[in-house]
Each structure stands twice: as structure tokens, then as C-alpha cells.
Amino acid sequence: MKPFKFFWNTHKWTGICFSLFFLVIAVTGFLLLMKKEFAWIQPPTKVGKKGTEKDFLSMNKLFEIVYAHNHPDFRSLNDIDRVDFRPGKSVYKVRSRHNHSELQVDAVSGEILSQDWRTSDLLEQIHDGSFFAKWIHDFFMPFVSFGLIFLVFSGMWLWLSPIVRKWRKKRPPKKVEKSDG
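Throughout, this note's numbering is defined as the position within the sequence shown, counted from one, plus 74.
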């Protein structure tokens with residue numbers, strides 16, 4: 075099979091096979107880029123009361139406040155995925171392992187400033203394939219990445235190949251000089 079025909083067919087079938095995945099990755103990637111602009115994607119970070127380092131709540135006190143809130147996604151330490159501390163805004167963002175929940179707690183007063191759902195976390199899991207299954211994230215998504223790289227290079231080759239062929243045909247033939255040898 076000639077190289078052009080080979081690249082044409084593999085480019086076409088790679089694009090067909092991975093097109094749905096590329097679309098999902100592109101849409102979720104766009105929404106993740108815009109997450110700070112829309113509160114329905116990621117809740118805006120609230121601002122707590124001003125304080126110094128000694129005024130900030132300890133982790134033990136923070137966890138007591140979170141558990142006392144009786145949120146079903148925050149019953150124990152095993153339910154907490156991470157705590158994001160924003161000292162400039164005096165706020166702790168406590169994220170759950172379940173249901174993409176988030177509590178924002180004032181780092182000085184301990185008041186719950188926000189209780190919301192983080193759509194951005196769900197979008198991130200869809201974007202990287204982990205939402206569907208761990209094996210999709212670990213095994214299949216690298217193939218999707220290689221598929222995209224292949225499409226870029228094969229598309230460039232398919233685009234440039236006819237241009238190079240036309241250029242070669244239009245070029246005047248080289249004159250061969252005879253030597254007096």
C-alpha cells in the first residue's frame with residue numbers, strides 16, 4: 075500500500091474511532107478552563123474574617139466544625155478528600171470524597187461560609203476518564219492521547235504530500251552539464 079493511502083485510511087479510522095472521546099475531552103476541557111467564571115461549575119471562594127496566623131483554626135477544630143455541620147458527605151476523616159487553605163482569604167475549603175461536595179469554613183470564626191457542589195470535580199473525572207473506570211483512565215486514555223498525536227502528524231502529512239508533489243512537477247528539470255573529460 076502506498077504511504078498516502080495508508081495514512082489516509084489510518085487517519086480516517088483513527089478519527090472515527092476516537093471522535094466521541096475527543097469531543098468529550100474538548101467540551102470538558104473548555105468548561106474546566108472557564109470554571110472560575112461560572113459559579114455553577116466551581117463555587118467562588120468566599121472571604122473569611124481577617125486574622126493572623128495565631129487566629130487561624132487548628133485542623134482538629136476545623137474537623138470538629140465540619141463534623142458538627144451534619145453534612146452526609148462529611149461524617150469522618152475518611153470522607154474528606156482534601157483541605158485547601160487560602161490564607162489571603164482566611165478560608166478553608168474542605169472537599170469530600172463523595173458527591174463532589176465542598177464546605178468553605180471561615181479560618182478565624184469557624185463559620186460555614188458555603189456549602190456547595192463542585193461540578194468542576196465531576197468534569198475533571200470525565201475529562202481524564204476516571205469517572206467511567208480506573209482502567210479507562212490508566213489504560214485507554216493514553217491510547218486516545220497517542221491517537222490525537224497521530225491524527226496531527228498524519229493530517230499534516232496528508233496536507234503537505236499533495237503540495238510537495240505539485241511543487242516537484244512544476245519544477246523545471248535539472249540540466250546535466252557535460253564535462254570534457
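Think of the CB as a built atom: it goes at the ideal place given N, C-alpha and C, for glycine as much as any other residue.
Phe213 carries a helical assignment under DSSP once its states are collapsed to helix, strand and coil. The secondary-structure analysis by DSSP pairs Leu136 with nothing; it has no beta-bridge partner. DSSP places Asp190 in the strand class (E or B) of the three-state scheme. When Cβ pairs closer than 8 Å are counted between the two stretches, the stretch 141-160 is seen not to touch the stretch 95-105, the count staying below three. Shown here for Val182: same chain residues with a beta carbon closer than 8 Å to its own, the five before and five after excluded, namely Gly122, Lys123, Lys124, Gly125, Asp129, Phe130, Leu131 and Ser164 in chain order. Glu176 sits in a strand when the DSSP states are folded into three classes.
Ser204 sits in coil when the DSSP states are folded into three classes, being neither helix nor strand. Annotation for Ser170: the continuous beta strand (DSSP E) segment containing it runs Val165 to Ser170.
DSSP places Arg245 outside both helix and strand once states are collapsed to three, so it counts as coil. Residues Phe92 and Phe95 of the same chain have their beta carbon placed closer than 6 Å to that of Val218, with the five preceding and five following residues left out of the count. Beyond the five residues adjoining it in sequence on each side, Phe224 comes within less than 7 Å, by CB distance, of Thr88 in the same chain, given in chain order. Leaving aside the five residues that flank Ile154 on each side, the residues in its chain whose CB is nearer than 8 Å to its CB run, in chain order, Phe137, Val140, Phe148, Val168, Arg169, Ser170 and Arg171. When the beta-carbon positions are compared, Leu107 and His201 stay at least 8 Å from each other. Distance from the CA atom of Lys86 to the CA atom of Leu222, rounded to whole angstroms, is 12 Å. Taking all protein chains in view, the Cβ of Thr102 is crowded by 16 or more other Cβ atoms within 10 Å, so the residue is classified as buried. Under the three-state reduction of DSSP output, Phe220 falls in the helix class. Non-local beta-carbon contacts of Phe214 in its own chain, meaning distances under 7 Å to residues more than five positions away in sequence, involve Gly203 in chain order. For Phe159, there is no enclosing alpha helix (DSSP H); the enclosing beta strand (DSSP E) covers residues Ile154 to Arg160. Around the CB of Leu151, fewer than 16 other CB atoms lie within 10 Å, so the residue is classed as exposed.
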